[in-house]
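*Asks:*
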Ligand SMILES: [Zn+2]
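Residue numbers (our numbering): 3 to 77.
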């Protein structure tokens, strides 16, 4: 028995923000830049304490301009 039933690429949230927790850190699949909610994103003027799920819809990786939906959730 397992509570885990990952489908496809483990950790990929594929745009499903329901799986994100407020403290979830996510890593860019392209350049490995990590979004940490505790730090926010100064480049996008995202305030520290902003969960990934609350980022603006047009937010993109500040390092490589990758799409937000290709970020992977870190444990
Ligand atoms: Zn990136």
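Virtual Cβ for every residue (Gly too), placed ideally from N, Cα, C.
These figures come from a predicted structure and were not determined experimentally.
Give the straight-line distance between the Cα atoms of residue 29 and residue 49, rounded to the nearest whole angstrom.
*Replies:* 18 angstroms
*Asks:* Is DSSP giving residue 43 helix, strand or coil here?
*Replies:* strand
*Asks:* Going by DSSP, which residues form a beta bridge with residue 28?
*Replies:* 37 and 75
*Asks:* Looking at ligand 1, does it come within less than 8 angstroms of residue 67, judged from the CB to the closest heavy atom?
*Replies:* yes
*Asks:* For residue 8, is the classification buried or exposed, using 16 other Cβ atoms within 10 angstroms of its Cβ as the cut-off for buried?
*Replies:* For residue 8, the predicted structure reports a pLDDT of 47, less than 50, and the residue's modelled location is therefore unreliable. A value from the coordinates is still provided. Residue 8 comes out exposed.
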